[in-house]
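S.K.: First the structure, which I've put down as structure tokens, then a few questions once you've had a look.
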Amino acid sequence: MQTRWALLILATLVTAGGCEDDQSTSGSGTAPIISNPQANVQQVTSGSQQTLQITFDFQDADGDIHTAQAHIKTDKGLETMTNEAEIQGAEGLVQGKAVVAFALQLPDPGVVELHLTADDAHGNTSNAVTVTLPIVEPSAQNTGNGDFQPGTTKK
917 MQTRWALLIL ATLVTAGGCE DDQSTSGSGT APIISNPQAN VQQVTSGSQQ
967 TLQITFDFQD ADGDIHTAQA HIKTDKGLET MTNEAEIQGA EGLVQGKAVV
1017 AFALQLPDPG VVELHLTADD AHGNTSNAVT VTLPIVEPSA QNTGNGDFQP
1067 GTTKK
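All the letters of the sequence shown, read from the start, carry residue numbers 917 to 1071 under this note's numbering.
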């Protein structure tokens, strides 16, 4: 695990585009299918912890989709996996929209890719969707006490 990465997982998934990979069946039943991820943000800010909520469509013939995880990569070469996180709004349903969220902190401006999958109660893994978001520098802010954030100048 990279020391510059600080990933705190509250739950999982993110947005931008999607690609499908093969599904894997390790238990009984059928693997879920996920698509159309939509994140609650258009970008993430470097150096600060943020919670991303992702809404996505799913189909799961068994109605037992329950966790998600992401393989995260940045254009700076950092790579990690998230912990499994519970999917909200899908319990007992065979299709619909669900939400998953996770907190992450990325150290440097650039681009982050999230390759997301979902698992069902029998260990079957869905296809993967890939989400790409820019990582931007925090905007300069005056703290109000005469101190300025990095990257600003005092006049």
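Glycine included, C-beta positions come from ideal geometry on N, C-alpha and C.
Please work out which residues of its chain come closer than 8 Å, Cβ to Cβ, to residue 997, disregarding the five sequence neighbours upstream and downstream, and give them in chain order.
M.R.: Closer than 8 Å at the Cβ level, and outside the excluded window around residue 997, lie 985, 986, 987, 988.
S.K.: Suppose you measure from the CA of residue 937 to the CA of residue 992; what does that come to, to the nearest Å?
M.R.: Note that residue 937 scores 45 on pLDDT, short of 50, meaning its location in the model is unreliable; the coordinates nonetheless yield the value given after this. Distance between the alpha carbons of residue 937 and residue 992 is about 24 Å.
S.K.: Sort out for me which residues DSSP pairs residue 1034 with in a bridge.
M.R.: In DSSP, residue 1034 forms a bridge with 984.
S.K.: Exposed or buried, what is residue 1040 when buried is set at 16 or more other beta-carbons lying within 10 Å of its beta-carbon?
M.R.: The residue in question, residue 1040, is buried, as its Cβ has 16 or more Cβ neighbours within 10 Å.
S.K.: Can you round the beta-carbon distance between residue 1047 and residue 955 to whole angstroms, since I take them to be within the 8 Å contact cut?
M.R.: Sure, about 7 Å apart at Cβ, within 8 Å.
S.K.: What are the uninterrupted segments assigned as beta strand (DSSP E) that are 3 or more residues long and contained completely in the stretch 996-1052, given in chain order?
M.R.: DSSP runs (the beta strand (DSSP E)) wholly in the stretch 996-1052: 1011-1021, 1026-1036, 1045-1052.
S.K.: Do you know how far the Cα of residue 1042 is from the Cα of residue 962?
M.R.: Taking the straight line joining both Cα atoms gives about 30 Å.
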